[in-house]
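Listed in order, the protein sequences are those of chains A and B.
Reading the first sequence from the start, the letters are residues 1 to 227 in the numbering used here.
Reading the second sequence from the start, the letters are residues 228 to 634 in the numbering used here.
Take a look at the structure set out below.
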Amino acid sequence: MEILRCDNIKKVYGAGDSRVAALDGINLSVEKGEFVAVMGASGSGKSTLLHILGGVDKPTEGKVMVEGTDIAAMNRTQAAIFRRRKVGLIYQFYNLIPTLTIRKNILMPLLLDKRKVNQEYFRQIVDSLGIADKLEALPNQLSGGQQQRAAIARSLVYRPALLLADEPTGNLDRRNGEEIVDLLKLSNRNLNQTIILITHDEKVALEADRILTIEDGRLVSDSRRGK
Amino acid sequence: MTNKKCRFMTAFAVFLSLAGILGLTALYMREYRRGAFLYLSAFCETMAEESPEMEEAVLACVKKYCDYSSPRSGTRKRTAPVFLEQYGYSGEEFSGMLSGDFIAASTIMTIMSVLGLAWAVWYPYRYRRARAVQLTDYLEEINSGGEGTVLPAQEDGFSHLQDEMHKTVTQLYRTREQAVEEKMNYADNLANIAHQLKTPITAALLSLQLMKEEESETEKAEYADRVARQLERLHSLEEALLVISKVDAGVLRLERKEVDVYTVLSLAADNLEELFRQQGVSVRIPDLGCVTFQGDMEWTMEAVMNLMKNCIEHSGEGGAVYCDYSVNPLYTQIRIWDEGTGFAAEDIPHLFERFYRGKGVNEKGVGLGLPLARSVFELQNGTLTAHNLPQGGACFEIKIYRHSFHV
């Protein structure tokens, strides 16, 4: 089942002579439950693509359909609700709120939406991510790997349609980085979570089912594991 | 809430607001009377001050008025015309409003408030009804096999319901796709099983036929051996199939007890001792202290044996199979590898597919050992992957998680 479709998305910054096309006609379709890695050098447009998929930024042209809704046509309020309910975002620098406990950080998407917490599911997530004993700590009391695991928990708590990860291992050592990739794979396999991961690390990308390569704002290759 | 209860609650609310209105009216009546009393008092005071000789008469009049209008006097009906009206004054002049206008204005206000109340009750009701109908139509379309029209995102009391419905429907589609896929796999598996049965049976039949025609005893014994080998192969196939069927049916019950990794690896190696010796392959299991996980000893050992057998096949005479294990807060990891040529690149994605047989695999294998091993680890919250080592050689990597997400 198709969960994401991009129709010829373009993103242009500036005008006239200083015109820069960060994305130049991206066409893409992602099925539910796929684990996709997007590779590309810095400046290739991969972060712009991720921001557009996450509803943080809007394309200059083209359609981005997530579960059949065009997010490029949303207003700001709608986009905020979309991000909260449909997208889980994981960043390189975790982006946890430093003054809130890990528990509150994880539950933030639900609290913003005034929803009740499903305690059983919450338990399952924090147990699986190995942060059950860190819930009352503040983010700066945790190691980088633990903070990133908390960020994964936050992104999963709403059971989003799409999980977008922007260089999630970029700030971690090899061992912690491997753990994070393992956990993403586990959530992909066990929760059937659709994941789009952006990386410039080939080793990380090889863990995905499908690898897209971006160069100068265009998709130059799309390869699936075993094909 | 049931319909009856809902109606009762609405009636109760209407009753409550009516009671409120009546109560308020009574309060204002009381306030009005107090005002009238103050006016009368002020009037009498002025009169008494203007002509003190009239004080007595005024007080007598007040007393008479009180007796006349007191609720205790029983009747408050005024039959005579209003006194001041005889001199040409009218109540309308004092209120600044004609009585006809007053009636019209109060009618309009009453209608306005009734309509307002009705609108306040009816409009949300109509909206909720429309949303309920929309969501029902959506589900109906899905149930009747439509391709799931997507509802526009709307922010209201129903949006969480809509969100959860959408997730459920997505899950449903996914399950349907999986079911179709599994059906295809089932057909493939059946074909594979038939094929796997056919080869030894044909070989055994051929050997039997040749044996009948053969005169010499030694040759006959040779054919009997061949038949026996084919039967053994059938036997092991049947055992593997039984286990696979149990895994598929979800009836393979695994224990969850503390399992020591070193013990499991050693037991598996002991069970394969003869094979190791035959092939001239050695096994190295380091003692890295107490590393444990929650799982089933027997089945883990079976799975590890399958992995070791695979490594033995890949190692030549004089080779070795290595093991290594570690633990972290998330999982216990076990690695088993050899120093052979490694997997063929095109085999790696299919290694754990049932009945898949890669290049250069010996004749005896049926392609069930590795899928079975993977199933055993998956049933224990684990994963099993395979890759080639940079220095050559095939490596199996097992990760058994302490906790794992479930749907």
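All residues carry an ideal CB built from backbone N, CA and C; glycine is no exception.
- Within the stretch 555-588 of chain B, Asn555, Pro556, Leu557, Tyr558, Glu573, Ile575, Pro576, His577 place their CB atoms closer than 9 angstroms to a CB of chain A, listed in sequence order.
- The stretch 424-444 of chain B and the stretch 388-398 of chain B do not touch, with fewer than 3 CB-CB distances between them shorter than 8 angstroms.
- Residues Asp166 of the same chain have their beta carbon placed closer than 6 angstroms to that of tyrosine 91 of chain A, with the five preceding and five following residues left out of the count.
- Closest in alpha carbon position to threonine 397 of chain B, among A:Thr60, A:Ala15, A:Lys10, A:Glu67, is A:Glu67.
- At least one CB atom of chain A sits nearer than 9 angstroms to the CB of serine 386 of chain B.
- Cβ-Cβ distances below 6 angstroms link arginine 5 of chain A to Ser29, Met65 in the same chain, with the five nearest sequence neighbours on each side left out; the list follows chain order.
- Listed along chain A, the residues sitting closer than 8 angstroms to aspartate 390 of chain B by beta-carbon distance are Arg85.
- The distance from the Cβ of leucine 172 of chain A to that of glycine 130 of chain A is about 15 angstroms, inconsistent with a contact at the 8 angstroms cut-off.
- Runs of the beta strand (DSSP E) lying entirely within the stretch 473-547 of chain B and spanning at least 3 residues, in chain order: 484-487, 509-511, 519-522.
- When the beta-carbon positions are compared, threonine 213 of chain A and methionine 39 of chain A come within less than 9 angstroms of each other.
- One Cα belongs to arginine 189 of chain A, the other to histidine 577 of chain B, and the distance between them is close to 17 angstroms.
- Pairing tyrosine 400 of chain B with valine 488 of chain B gives a Cβ-Cβ distance that is not under 9 angstroms.
- Closest in C-alpha terms to phenylalanine 503 of chain B, from the list B:Gln436, B:Asn537, B:Ile420, B:Pro513, comes B:Asn537.
- Of the other Cβ atoms in all chains shown, 16 or more fall within 10 Å of the Cβ of histidine 541 of chain B; this residue is therefore buried.
- Secondary structure note for leucine 4 of chain A: its beta strand (DSSP E) is the uninterrupted segment 2-13.
- Within 9 angstroms of the CB of threonine 397 of chain B, the CB atoms of chain A belong to Met1, Ile3, Lys32, Glu67, Ala161, in sequence order along the chain.
- Between isoleucine 9 of chain A and glycine 62 of chain A, the gap from beta carbon to beta carbon is short of 9 angstroms.
- Rounded to whole angstroms, the gap between the alpha carbons of cysteine 622 of chain B and lysine 473 of chain B is 28 angstroms.
- Taking 9 angstroms as the CB threshold, serine 244 of chain B stays off the interface with chain A.
- Ranked by Cα distance from aspartate 415 of chain B, the options B:Ile625, B:Leu611, B:Tyr583, B:Gly619 are led by B:Tyr583.
- Listed along chain B are Thr610, Tyr628, Ser631, Phe632, each with a C-beta nearer than 8 angstroms to that of leucine 186 of chain A.
- Three or more beta-carbon pairs separated by less than 8 angstroms link the stretch 495-510 of chain B to the stretch 543-562 of chain B, which places the two stretches in contact.
- Glutamine 361 of chain B: member of the alpha helix (DSSP H) spanning 326-370, first to last residue.
- The beta carbon of aspartate 173 of chain A sits no closer than 9 angstroms to any beta carbon of chain B.
- Close partners of arginine 601 of chain B in chain A (Cβ separation under 9 angstroms) are lacking, with about 12 angstroms as the shortest Cβ gap.
- Around the C-beta of glycine 43 of chain A, fewer than 16 other C-beta atoms lie within 10 Å, and the residue is accordingly described as exposed.
- Put simply, the CB of tyrosine 552 of chain B is far from chain A, with every gap to its CB atoms at 9 angstroms or more.
- Judged by DSSP secondary structure, tyrosine 558 of chain B falls within the beta strand (DSSP E) whose first and last residues are 558-565.
- Interface criterion not met: the Cβ of asparagine 95 of chain A is under 9 angstroms from no Cβ in chain B.
- In the three-state reduction of the DSSP assignment, phenylalanine 235 of chain B falls in the helix class, which pools H, G and I.
- Contact annotation, glutamine 607 of chain B with leucine 481 of chain B: C-beta distance approximately 6 angstroms; criterion of less than 8 angstroms satisfied.
- For leucine 23 of chain A, the uninterrupted beta strand (DSSP E) segment begins and ends at 20-31.
- Judged by DSSP in its simplified three-state form, isoleucine 195 of chain A adopts strand.
- When C-beta atoms of the stretch 624-633 of chain B are compared with those of the stretch 112-129 of chain A, three or more pairs fall below 8 angstroms, so the two segments count as touching.
- Interface criterion met: the Cβ of arginine 401 of chain B is under 9 angstroms from a Cβ in chain A.
- By the Cβ criterion, the stretch 173-180 of chain A is not in contact with the stretch 11-21 of chain A, since fewer than three pairs of Cβ atoms, one from each stretch, lie closer than 8 angstroms.
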